[in-house]
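To keep things clear, I will list the structure first and then write my remarks on it.
Residue numbers (full-length UniProt numbering): 1 to 368.
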């Protein structure tokens, strides 16, 4: 499956870009260089000089423009060569590189790899809870050697907590929890509620729950294309209403590096009104989750990718379970949007979403 191009993807966290050093990153199989100009605005260009194709990311930022490390040509944020230090200084007409639309929101730099004229900030879902202007935030990054859709599958089905994370995030009660899923337009949601659960110490401490206390926990996941997820985990005393508990919202942004590798950006946020407690909790969440993410999720995703290899996911004939409904809905939507885009249609046109249902699912279990 190829990539959806007319969409917003996270290219980097905002604090990864400093003033003088450009950042190289492969995004959707293309080398991209990111940097800030003299006004602090972020830019993304193809990481290839128009002259002799040297990687611009090995250069430096001079006066707010990017200087090639090989012969010193300089390019502005629009990809135009604005300085030629050789001869009479005239700039050849072909001395330009591709520039990508960029916006900076929610503590991240987003880029649009498709048609620049279609780049619309209104298509970027809201992640206000990780807006650093209003919230204490903390973030993490992991590179996954697996297709980004496998990572989305993983996040849309948190039943794996019981088996993959038995000592950190899971419990014996998760698999028997109540699970609901559905979709509205391009958005897919999965809601899991677990009742009468004894939390692992890591989770209990994060929610201020005394060890051994019986609680109810809910895990609500929302996915929007191309791989942008919000997860809200809440805990309350057993039998108490949700309003009586505490929630932990997190953002999970999946950007393909290649067909088999993924940039996984994740962030937690809590209102600044919580003061030092909120600042400590978001740091606790990110730093505590790095271990299960890195030592348990990543090896499993990479093992899955190794088993699948370069074969199509459906060609492997997965035996589907009811817990797969959310993940399969997301896959159908993505496949439908990519097919529509390849055909020259607007991938967000609802008339094309039904096309996902025509994609053959070679399995004895059909997820509605």
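Even glycine gets a Cβ: it sits at the ideal position worked out from N, Cα and C.
In DSSP terms, what residue 214 is bridged to:
198
Closer than 8 angstroms is the cut-off here; do at least three beta carbon pairs connect the stretch 132–141 with the stretch 109–122?
no
Integer-rounded CB distance, given that residue 330 should sit under 8 angstroms from residue 188
5 angstroms
Which residue or residues does DSSP assign as beta-bridge partners of residue 243?
DSSP lists no partner for residue 243.
Thinking just about the alpha-carbon of each residue, which of 49, 45 and 83 is nearest to the one in residue 63?
83
Residue burial classification, residue 18 (beta-carbon count within 10 angstroms, cutoff 16):
exposed
When we look at the beta-carbon of residue 307 and count the other beta-carbons within 10 Å, is it buried (16 or more) or exposed?
exposed
With residue 288 as the anchor, note down where its beta strand (DSSP E) starts and where it stops.
Run containing residue 288: none in the beta strand (DSSP E); it sits in the alpha helix (DSSP H), 275–292.
Just list the residues that DSSP pairs residue 49 with in beta bridges.
Bridge pairing for residue 49: absent [DSSP].
Using a Cβ-Cβ cutoff of less than 6 angstroms, which residues in the same chain neighbour residue 49 once the five nearest sequence positions on both sides are dropped?
56 and 68
Contact under 8 angstroms by Cβ, residue 10 with residue 265:
yes
List, from N- to C-terminal side, the alpha helix (DSSP H) runs of 4 residues or more that fit wholly inside the stretch 158–189.
161–164
Identify the continuous alpha helix (DSSP H) that holds residue 339 and give its terminal residues.
325–342
Do you know how far the Cα of residue 184 is from the Cα of residue 337?
15 angstroms
Whether residue 52 touches residue 35 by CB criterion (8 angstroms)
no
List the whole-angstrom C-beta distance separating residue 235 from residue 198, where the pair is believed to meet the contact cut-off of C-beta under 8 angstroms.
Not really, about 12 angstroms apart at Cβ, beyond 8 angstroms.
Residues in the same chain with beta-carbon distance under 7 angstroms from residue 161, minus the five sequence neighbours each way, listed in chain order, please.
169, 170 and 174
Contact the stretch 96–105 vs the stretch 36–47: 3+ CB pairs below 8 angstroms
Enough Cβ pairs lie closer than 8 angstroms, so yes.
So what does DSSP say about residue 209, is it helix, strand or coil?
In this structure, residue 209 counts as coil in the three-state DSSP scheme.
Enclosing alpha helix (DSSP H) for residue 308 [first to last residue]:
298–308
Give the straight-line distance between the Cα atoms of residue 324 and residue 146, rounded to the nearest whole angstrom.
18 angstroms
Applying the 10 Å Cβ sphere with the 16-neighbour rule, what's the burial state of residue 250?
Buried, because 16 or more other Cβ atoms sit within 10 Å of the Cβ of residue 250.
Name the residue from 164, 54 and 29 whose alpha carbon lies nearest to the alpha carbon of residue 292.
164
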